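A.B. asks: In the numbering used here, the protein residues as written are 10 to 140.
Just passing along the structure, written as structure tokens.
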Ligand code: SF4
Ligand code: SF4
């Protein structure tokens with residue numbers, strides 16, 4: 010019984026000492042969302058897609074391990090480019106293998122939503138242009 014009391018007090022003291030020790034260290038967490046994190050230039054967030062550069066070659070679709078890209082073509086080439094962010098794992102393959110620099114990462118990471126359908130992003134050609 011005495012040993013149990015001793016062990017409890019000892020754990021309590023060790024716990025408090027640990028907290029005390031860490032209270033003088035530099036913080037490693039942020040008060041998110043009030044403070045936004047610093048993201049370096051290798052961060053892989055939501056894509057930026059330039060439909061005018063896309064040649065509808067399909068390479069990004071082939072190399073996507075999550076099957077998140079869907080390309081729809083018509084007789085004029087690219088008709089619709091879809092990325093489903095509920096599937097995307099942000100591996101970066103699509104822009105790494107794109108020879109036309111049509112797709113690249115951005116720093117946008119705040120994609121959480123309760124509406125899964127909104128995670129499917131569609132880019133369409135403007136009907137009155139030949140892009
Ligand atoms: S984004 Fe790049 S790799 Fe993907 S279809 Fe367009 S040109 Fe090809
Ligand atoms: S980042 Fe990876 S998973 Fe996401 S669309 Fe590109 S290839 Fe697919």
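Glycine included, each C-beta is placed from N, C-alpha and C at the ideal position.
Since we're looking at a predicted model, the values are computed, not measured.
Roughly how many whole angstroms lie between the Cα atoms of residue 98 and residue 106?
C.D. replies: Each residue's Cα considered, the two are about 16 Å apart.
A.B. asks: Using the Cβ count rule (16 or more neighbours within 10 Å means buried), how would you classify residue 112?
C.D. replies: Residue 112 comes out buried.
A.B. asks: Ligand 2 and residue 66: does the residue's C-beta get closer than 8 Å to at least one heavy atom of that ligand?
C.D. replies: Checking the Cβ of residue 66 against ligand 2 gives no.
A.B. asks: May I ask you to verify whether the segment 76-87 touches the segment 43-50, counting CB pairs closer than 8 Å and requiring at least 3?
C.D. replies: Too few Cβ pairs lie closer than 8 Å, so no.
A.B. asks: Just how far apart, CA to CA, sit residue 118 and residue 55?
C.D. replies: When rounded, the distance between both Cα atoms is 6 Å.
A.B. asks: Could you tell me which uninterrupted alpha helix (DSSP H) segments, each at least 4 residues in length, are contained entirely in the segment 12-91, listed from first to last along the chain?
C.D. replies: Listed in chain order, the complete alpha helix (DSSP H) runs (minimum 4 residues) inside the segment 12-91 are 68-72.
A.B. asks: Residue 33 to residue 100, Cα distance in whole Å?
C.D. replies: For residue 33 and residue 100, the distance between alpha carbons rounds to 37 Å.
A.B. asks: What's the call for residue 29, buried or exposed, on a 16-neighbour Cβ count within 10 Å?
C.D. replies: That one is exposed.
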